[in-house]
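Position 43, counted from 1, in the sequence shown is what the working numbering calls 56; the numbers after and before it change by one each time, with no gaps. Every residue gets a Cβ at the ideal spot worked out from N, C-alpha and C, and that includes glycine. Take a look at the structure set out below.
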Amino acid sequence: MIDRLRWILPDWLRTDLDELHSTLRTVSSTNDSHLGEIILRADRIFVTGQGRTGLVMRMFAMRLMQLVKTAFVLGDVTTPAVGPGDLLIAGSGSGETEGVVSVARRAREMGVRVAAITSKPDSSLAKLADHTTVISGATSQLPMVSVVEQALLIFTDCIAAWLASQSGQTNETMRARHANLE
Numbered sequence: 014m015i016d017r018l019r020w021i022l023p024d025w026l027r028t029d030l031d032e033l034h035s036t037l038r039t040v041s042s043t044n045d046s047h048l049g050e051i052i053l054r055a056d057r058i059f060v061t062g063q064g065r066t067g068l069v070m071r072m073f074a075m076r077l078m079q080l081v082k083t084a085f086v087l088g089d090v091t092t093p094a095v096g097p098g099d100l101l102i103a104g105s106g107s108g109e110t111e112g113v114v115s116v117a118r119r120a121r122e123m124g125v126r127v128a129a130i131t132s133k134p135d136s137s138l139a140k141l142a143d144h145t146t147v148i149s150g151a152t153s154q155l156p157m158v159s160v161v162e163q164a165l166l167i168f169t170d171c172i173a174a175w176l177a178s179q180s181g182q183t184n185e186t187m188r189a190r191h192a193n194l195e
């Protein structure tokens, strides 16, 4: 079994990396500004997503906190109320995830700016958003939409790197804000 894995795994890894490279080359914005610039202008950032996309959004919130941004994950018991000046970043591959779309709609009603990250530029979520970043992973040999979720992680890490460069943060200053009681 292990011998067989040595031959199968490299093929899937190569497929994954090729698909990921193609997907990341498609990242686009529906607006003139990019997500990093919008984050810089926000008072506080709230993130949301469901499933695997939600896990990536949680990781992004952690990076934002390490960059000295006030960031929260919707649904956590310590998340405060939102208000004008805040930014909701909503991730949904389909752009139709009911809970995510509902939260984005409610946020708009409360005067919160909404940024969507989705693979569907014509989705309900994209139509609600003030800003939409599109990560298209149209076809994949991998299970479900793994390539979009992987691209989302790399994209949000790139946004974090850009934010760090804009604010003078380094790995050392960010590491100083990393959890030290786990």
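Per-residue DSSP class, three states only, for residue i
i    : result
R119 : helix
A164 : helix
L101 : strand
R188 : helix
H144 : strand
V60  : strand
R126 : strand
A84  : strand
D135 : coil
S35  : helix
Buried/exposed call for residue i, threshold 16 Cβ in 10 Å
i    : result
D99  : buried
L26  : exposed
R126 : buried
S41  : exposed
G67  : buried
L194 : exposed
L87  : buried
E162 : buried
L141 : buried
Same chain only: Cβ atoms within 8 Å of residue i, ignoring 5 sequence neighbours per side
i    : result
H191 : Q79
Residues near residue i in its chain [Cβ-Cβ closer than 6 Å; skip 5 each side]
i   : result
R76 : A173
M70 : V60, G62, G104
T39 : S149
M14 : Residue confidence for M14 is low, a pLDDT of 49 falling below 50, so the modelled location carries little weight and cannot support an answer.
G49 : I172, W175, L176
A74 : V60, A84, V86
Own chain residues within Cβ distance below 7 Å of residue i, not counting five before or after
i    : result
V56  : In the sequence under discussion, the amino acid at residue 56 is Asp, which differs from the Val named in the question. For D56, where only same-chain residues beyond five positions count, the Cβ hits under 7 Å are G98, D99.
A164 : L33, T36, L37, I148, G150
D143 : R126, V127, A128
V113 : T61, G62, Q63, A103, S105, L138
Alpha carbon of residue i to alpha carbon of residue j, nearest angstrom
i    : j    : result
S115 : Q179 : 33 Å
V160 : P93  : 32 Å
R188 : Q182 : 10 Å
R121 : D135 : 18 Å
T110 : A117 : 11 Å
T91  : P23  : 43 Å
D198 : I51  : Only positions 14 to 195 of the chain appear in this structure, which leaves residue 198 out of reach.
Among the options, the one whose alpha carbon lies nearest that of residue i
i    : options               : result
A84  : T61, E195, A139       : T61
R54  : L101, N193, V160      : L101
V81  : V113, H47, L176, G67  : L176
T145 : L87, I130, S137, E50  : I130
L166 : R65, I58, D31         : R65
H47  : F168, T186, N184      : F168
S132 : D24, G124, L141, S107 : S107
G96  : D31, M72, M123, I51   : M123
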